[in-house]
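Colleague: Line by line, the protein sequences give chains P and L. For the first sequence, our numbering gives the first residue as 1, with consecutive numbering after it. For the second sequence, our numbering gives the first residue as 1, with consecutive numbering after it. Virtual Cβ for every residue (Gly too), placed ideally from N, Cα, C.
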Amino acid sequence: AQSVSQHNHHVILSEAASLELGCNYSYGGTVNLFWYVQYPGQHLQLLLKYFSGDPLVKGIKGFEAEFIKSKFSFNLRKPSVQWSDTAEYFCAVNKAAGNKLTFGGGTRVLVKP
Amino acid sequence: DTEVTQTPKHLVMGMTNKKSLKCEQHMGHRAMYWYKQKAKKPPELMFVYSYEKLSINESVPSRFSPECPNSSLLNLHLHALQPEDSALYLCASSPSLAITDTQYFGPGTRLTVL
Numbered sequence: 001a002q003s004v005s006q007h008n009h010h011v012i013l014s015e016a017a018s019l020e021l022g023c024n025y026s027y028g029g030t031v032n033l034f035w036y037v038q039y040p041g042q043h044l045q046l047l048l049k050y051f052s053g054d055p056l057v058k059g060i061k062g063f064e065a066e067f068i069k070s071k072f073s074f075n076l077r078k079p080s081v082q083w084s085d086t087a088e089y090f091c092a093v094n095k096a097a098g099n100k101l102t103f104g105g106g107t108r109v110l111v112k113p
Numbered sequence: 001d002t003e004v005t006q007t008p009k010h011l012v013m014g015m016t017n018k019k020s021l022k023c024e025q026h027m028g029h030r031a032m033y034w035y036k037q038k039a040k041k042p043p044e045l046m047f048v049y050s051y052e053k054l055s056i057n058e059s060v061p062s063r064f065s066p067e068c069p070n071s072s073l074l075n076l077h078l079h080a081l082q083p084e085d086s087a088l089y090l091c092a093s094s095p096s097l098a099i100t101d102t103q104y105f106g107p108g109t110r111l112t113v114l
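(1) Using 8 Å as the limit for Cβ to Cβ distance, is Leu101 (chain P) near chain L?
(2) Closest Cβ-Cβ distance between Gln25 (chain L) and chain P: below 8 Å?
(3) Compare the beta carbon distance of Leu111 (chain L) and Cys91 (chain L) with 8 Å and say whether it is the shorter of the two.
(4) Which same chain residues end up closer than 6 Å to Tyr25 (chain P) when comparing Cβ atoms and leaving out the 5 residues on each side of it in sequence?
(5) Look up Ala92 (chain P) in the DSSP assignment and give the residues it is bridged to.
(6) Under the assumption that Ala65 (chain P) contacts Leu44 (chain P) (Cβ atoms under 8 Å), give the Cβ distance between them as a whole number of angstroms.
(7) Determine the extent of the beta strand (DSSP E) in which Ser59 (chain L) is found, giving its start and end residues.
(8) Examine chain P for any beta-carbon lying closer than 8 Å to the beta-carbon of Leu97 (chain L), and answer yes or no.
(9) By the 10 Å Cβ neighbour count, where 16 or more other Cβ atoms means buried, how is Asp85 (chain P) classified, buried or exposed?
(10) Between Pro8 (chain L) and Pro61 (chain L), what straight-line distance do the alpha-carbon atoms span, to the nearest angstrom?
(11) Residues of chain L with CB under 7 Å from His43 (chain P), in chain order?
(12) Using only the alpha-carbon positions, how far apart do Cys91 (chain P) and Ala16 (chain P) sit?
(13) Within 8 Å of any Cβ in chain L, is that where the Cβ of Lys49 (chain P) sits?
(14) When you check each C-beta in the segment 43-72 of chain L against every C-beta of chain P, which residues fall closer than 7 Å?
(15) Listing by chain order, which chain L residues have their CB less than 7 Å from the CB of Gly53 (chain P)?
(16) Using DSSP with H/G/I as helix, E/B as strand and the rest coil, what is Pro69 (chain L)?
(17) Scan the segment 83-94 of chain L for residues whose Cβ lies nearer than 9 Å to a Cβ of chain P and list them as they occur along the chain.
(18) Among P:Gly41, P:Leu46, P:Lys69, whose alpha-carbon lies nearest the alpha-carbon of Gly53 (chain P)?
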């Protein structure tokens, strides 16, 4: 079955540490890829997206993601996290007609001050 | 303005009640979506509307009835729900159904079914 996998369910790290969250998808062909973030008590917000072109995508708040087609991956990175990055992060894939987003299981990130 | 608003924020209802969730956007978007998010799970698509017409129904039980009365408004009518329907219901909108269009999410309505 087609799916989106986020291998880390929980990540705990200290401020200034680097963050990398994995995302793999099992769709073939052309895909559109997204990372959304859900801060505590807030709505889902788009961090960044990839449609085509440069596989290294820069988003808001210092986040970036790299699309590696051969590995079916779209990993999210941030060189130095802050306490305010504590949130749940969702990878999502859009392939089918109708703009249907399929989300990964999410990764809860806790940044300790 | 990139805001999608949802009312109410919280809703508690009994299994015999009829209630409605409301979603509104004023970004001129012509596609609107309902998602269901259970605790500690990702959002799951329920319905997609395009130009006020139902485009996708992800095999959602008939006790959930969507309605799109105009291009800015999306409702979800609830009737005879079960306790397992308790969840966060998210609304989203996008300019169109093009797969390159970003979906903007509302804050959700947290529904508890007793």
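Modeller: Inspection of the coordinates gives the following:
(1) For Leu101 (chain P), the nearest beta carbon of chain L is closer than 8 Å to its own beta carbon.
(2) By this cut-off, Gln25 (chain L) is not an interface position.
(3) Between Leu111 (chain L) and Cys91 (chain L), the gap from beta carbon to beta carbon reaches 8 Å or more.
(4) Within the same chain, Cβ atoms closer than 6 Å to the Cβ of Tyr25 (chain P) are found at Val4, Phe72, Val93, the five residues on either side in sequence being excluded.
(5) Answer is P:Phe34, P:Phe103.
(6) Wrong, their Cβ atoms sit about 16 Å apart, outside the cutoff.
(7) Segment: none, Ser59 (chain L) is in no beta strand (DSSP E) and carries neither H nor E.
(8) Taking Cβ atoms only, chain P reaches closer than 8 Å to Leu97 (chain L), which makes this a yes.
(9) Buried.
(10) Pro8 (chain L) and Pro61 (chain L) have their C-alpha atoms some 22 Å from each other.
(11) Think of a sphere of 7 Å around the beta carbon of His43 (chain P): the chain L residues whose beta carbon falls inside it are Phe105, Gly106, Pro107, Gly108, in chain order.
(12) Whole-angstrom Cα-Cα distance: 23 Å.
(13) Yes, its Cβ sits closer than 8 Å to a Cβ of chain L.
(14) The segment 43-72 of chain L vs chain P, Cβ under 7 Å: Pro43, Leu45, Val48, Ser55, Ile56.
(15) Within 7 Å Cβ-Cβ: nothing; Gly53 (chain P) doesn't reach chain L, min ~12 Å.
(16) Note: Pro69 (chain L) maps to strand in three-state DSSP.
(17) From the segment 83-94 of chain L, only Leu90, Ala92, Ser94 have a Cβ closer than 9 Å to chain P.
(18) For Gly53 (chain P), the nearest C-alpha among the options comes from P:Lys69.
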